[in-house]
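Chains as they are written, first to last, in the working numbering: chain A, 1 to 617; chain W, 1 to 45. Glycine included, every Cβ here is placed at the ideal spot set by N, Cα and C. What follows is a set of notes on a single structure, which appears directly below.
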């Protein structure tokens with residue numbers, strides 16, 4: 001929307017109202033993280049600023065367009081609106097964006113099928129001319145999270161919007177998250193020059209390897225496009241681009257036992273606190289080769305840097321690119337250091353690194369690598385469910401995710417995903433039914449740069465009060481109580497509780513788009529986080545509390561004054577009544593006196609006795 | 001009704017809900033499906 005008056009400051013105050021569902025509250029905070037990662041927009045709890053966004057559970061998902069300067073500007077995240085892409089969509093409205101297909105130039109790109117639109121709904125397909133709305137110099141974007149889906153406002157199931165390039169028919173209406181163009185427009189509108197939480201990304205395609213340096217070891221990392229013993233290609237391009245496709249490799253096979261090779265990032269200045277380091281690692285060396293992840297931090301006491309170890313990786317899966325997420329905690333400027341250490345066992349290869357990303361956010365907790373998903377998609381029938389390994393949450397809950405790759409029997413054609421609690425080693429000391437744990441299931445779009453990833457997220461939250469349909473059992477009770485026994489191939493067993501998720505996690509056409517599948521494989525990341533603290537109302541800012549308090553005081557004061565007025569009126573009324581009674585009594589007395597006087601006068605005149613005027617009282 | 005490991009709750013109840021469907025079911029008739037129109041930019045419908 002054109003007009004500076006519609007802009008918010010780049011840090012936007014928000015208030016999460018009590019009416020919101022817990023899963024929505026957690027989802028909104030996740031959406032804010034996406035804004036922080038990919039734009040310069042930040043969100044901060046409302047501290048009394050004049051204008052703020054107040055999010056509540058209305059009867060649907062809706063928002064105003066732009067900053068309306070109304071003080072409390074409401075945005076609704078109602079039932080079924082708690083998808084990450086939907087929340088991002090509504091906040092983009094609030095930030096000043098219309099729908100993509102209402103652009104002035106939309107008729108160049110889509111045909112609106114007027115005869116398929118529900119009668120009376122045609123006004124929803126109007127365009128805004130370039131005096132009202134600007135596309136900010138960005139080309140029409142079929143992949144925008146702000147685009148209508150193809151059957152919006154349709155009488156039946158026929159599309160109301162037909163893209164002029166047929167390929168985009170199944171692209172429009174995506175609710176995964178920001179597209180690259182959405183981000184370009186948002187960053188242009190708010191003059192962003194850098195993001196709030198992104199720190200660095202490197203796919204090692206350039207010769208300068210993103211400013212990384214070789215550290216003080218007796219061996220070195222090399223920039224390669226294939227390595228002896230593997231991998232044959234990099235991860236970013238999977239060898240599909242001639243003359244491209246590099247990664248960093250430490251060939252432990254040609255090093256001596258105990259040799260070390262350091263690869264250090266350029267100097268980084270992340271926000272103090274939690275950071276997430278993500279990268280892909282391909283191991284072909286010995287089991288006892290070790291990759292250490294350090295941070296070298298600099299301060300006045302340590303001008304040449306002080307090393308802090310965050311993770312040591314050895315053994316594990318060999319011969320494939322694996323996603324690693326490592327939580328760091330940098331408090332000042334520093335470098336991320338990858339130290340490869342040659343073990344004593346025979347090695348035929350080494351360590352290979354690609355697609356490194358660092359951001360000031362918490363990492364997802366677990367990775368599920370689905371190998372050869374292309375073959376699984378071709379061979380799994382509808383209704384066939386594939387379960388992840390079991391994982392432990394930081395609070396100690398054990399869980400797993402089950403996916404229907406080809407959908408359920410009732411809704412084939414799209415991937416379904418369900419979260420289950422499972423029995424685990426800590427069950428005896430955990431709270432049951434499991435209270436307010438939010439599970440995030442995200443299918444990773446395997447783009448090199450985290451800012452370009454359009455991951456598909458869905459969240460579900462355990463409500464300890466939720467019961468079975470007959471009301472006899474708690475849904476999120478201990479899986480040993482409300483679950484089924486699952487026997488594993490090695491003879492061990494565990495219990496799996498009931499699941500919660502969605503039959504519409506992702507359509508097959510979207511699954512096959514972008515880089516959800518790369519080199520035949522897919523990656524899910526999962527987290528199970530305690531969101532109990534979101535049950536408590538967001539504190540009101542001091543000014544609002546003061547305002548409330550002063551309003552209350554005013555009310556009390558007014559009440560007191562009113563009371564006083566009431567009292568004085570009562571006194572007046574009583575006094576008036578007393579006076580009136582006294583007056584009447586006086587009149588009666590005076591009247592009586594007068595009558596008696598007249599009678600006496602008459603008697604006196606009769607007796608000729610004159611009595612002087614007497615005081616009545 | 002007894003809960004088991006096979007029990008599933010589909011939060012989307014078998015639908016691939018988009019914003020417009022959600023608001024339609026809720027009986028909302030907002031501008032372009034999900035825009036809460038303020039007076040300052042009201043349009044002639």
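Per-residue contacts from residue i into chain W (C-beta, under 8 Å)
| i | result |
| --- | --- |
| residue 80 of chain A | 11, 12, 17 and 22 |
| residue 61 of chain A | 19, 22, 23 and 34 |
| residue 64 of chain A | 35, 36, 37 and 38 |
| residue 153 of chain A | 20 and 33 |
| residue 483 of chain A | 3, 4 and 5 |
Within chain W, the residues that residue i reaches when beta carbons sit closer than 9 Å
| i | result |
| --- | --- |
| residue 90 of chain A | 19 and 34 |
| residue 504 of chain A | 10, 12, 14, 15, 16 and 17 |
| residue 414 of chain A | 16 |
| residue 460 of chain A | 9 and 11 |
Option in the options with minimal Cα separation from residue i
| i | options | result |
| --- | --- | --- |
| residue 21 of chain A | A/7, A/6, A/2 and A/81 | A/81 |
| residue 188 of chain A | A/405, A/213, A/138 and A/486 | A/138 |
| residue 116 of chain A | A/333, A/160, A/414 and A/100 | A/160 |
| residue 368 of chain A | A/357, A/99, A/389 and A/24 | A/389 |
| residue 173 of chain A | A/153, A/192 and A/191 | A/153 |
| residue 419 of chain A | A/385, A/452 and A/321 | A/385 |
| residue 403 of chain A | A/526, A/63 and A/446 | A/526 |
| residue 124 of chain A | A/182, A/147 and A/492 | A/147 |
| residue 456 of chain A | A/43, A/4, A/122 and A/88 | A/88 |
| residue 247 of chain A | A/256, A/523, A/232 and A/150 | A/232 |
| residue 395 of chain A | A/235, A/528 and A/318 | A/528 |
| residue 315 of chain A | A/340, A/6 and A/473 | A/340 |
| residue 104 of chain A | A/142, A/260, A/482 and A/133 | A/133 |
| residue 7 of chain A | A/509, A/53, A/258 and A/24 | A/53 |
| residue 169 of chain A | A/278, A/110 and A/18 | A/110 |
| residue 411 of chain A | W/4, W/27 and W/13 | W/13 |
| residue 41 of chain A | A/268, A/257 and A/183 | A/183 |
7 Å Cβ shell around residue i - same chain, five flanking residues per side excluded
| i | result |
| --- | --- |
| residue 346 of chain A | 286 |
| residue 26 of chain A | 438, 459, 461, 531 and 534 |
| residue 392 of chain A | 398 and 424 |
| residue 71 of chain A | 50 and 51 |
| residue 6 of chain W | none |
| residue 130 of chain A | 104 |
| residue 180 of chain A | 452 |
Cβ-based burial, residue i [other Cβ within 10 Å; buried from 16]
| i | result |
| --- | --- |
| residue 136 of chain A | exposed |
| residue 83 of chain A | buried |
| residue 498 of chain A | buried |
| residue 252 of chain A | buried |
| residue 356 of chain A | buried |
| residue 512 of chain A | exposed |
| residue 428 of chain A | exposed |
| residue 406 of chain A | buried |
| residue 378 of chain A | exposed |
| residue 185 of chain A | buried |
| residue 240 of chain A | exposed |
Same chain only: Cβ atoms within 6 Å of residue i, ignoring 5 sequence neighbours per side
| i | result |
| --- | --- |
| residue 331 of chain A | 272 |
| residue 409 of chain A | 382 and 383 |
| residue 504 of chain A | 414 |
| residue 35 of chain W | none |
| residue 509 of chain A | 170 |
Contact set between residue i and chain W, taken where Cβ atoms lie within less than 7 Å
| i | result |
| --- | --- |
| residue 163 of chain A | Chain W residues near residue 163 of chain A: none, gap ~16 Å exceeds 7 Å. |
| residue 619 of chain A | In the structure as shown, chain A begins at 1 and stops at 617. Residue 619 of chain A is therefore absent and cannot be evaluated. |
| residue 418 of chain A | 8 |
| residue 173 of chain A | 18 |
| residue 264 of chain A | Ordered by position in chain W, no residue passes the 7 Å Cβ test against residue 264 of chain A, which lies about 45 Å from the chain. |
| residue 500 of chain A | 9 and 11 |
| residue 366 of chain A | Near residue 366 of chain A there are no residues of chain W at all, since even the closest Cβ is about 20 Å away, more than 7 Å. |
| residue 496 of chain A | 5 |
| residue 489 of chain A | Correct list: empty, because the minimum Cβ distance to chain W is about 17 Å. |
Close beta carbons around residue i, own chain, < 8 Å, minus the five adjacent residues each side
| i | result |
| --- | --- |
| residue 444 of chain A | 323, 453, 455, 516, 522, 523, 524 and 525 |
| residue 76 of chain A | 55, 56, 57, 58, 59, 60, 61, 62, 63 and 90 |
| residue 197 of chain A | 33, 36, 37, 271, 359, 360 and 361 |
| residue 3 of chain A | 66 |
| residue 275 of chain A | 199, 327, 328, 329, 330, 358, 359, 360 and 361 |
| residue 11 of chain W | none |
| residue 573 of chain A | With a pLDDT of only 47 at residue 573 of chain A, under the threshold of 50, the placement of this residue in the model should not be trusted; the figure read from the coordinates follows. Cβ within range, chain order: n/a, list empty. |
Below-8 Å beta-carbon distance, residue i vs any chain D residue
| i | result |
| --- | --- |
| residue 140 of chain A | Of the protein chains in this structure, namely A and W, none is chain D. |
Would the segment 271 to 290 of chain A and the segment 344 to 362 of chain A be scored as touching if the rule is three or more Cβ pairs under 8 Å?
-> Judged by pairs of C-beta atoms under 8 Å, the segment 271 to 290 of chain A touches the segment 344 to 362 of chain A, as three or more such pairs exist.
Using 8 Å as the threshold, is the segment 293 to 310 of chain A in touch with the segment 361 to 378 of chain A, meaning 3 or more CB pairs across them?
-> Result no; under three Cβ-Cβ pairs closer than 8 Å.
Contact between the segment 467 to 484 of chain A and the segment 431 to 446 of chain A (3+ Cβ pairs under 8 Å) = In short, these stretches touch, since the Cβ pair count reaches three.
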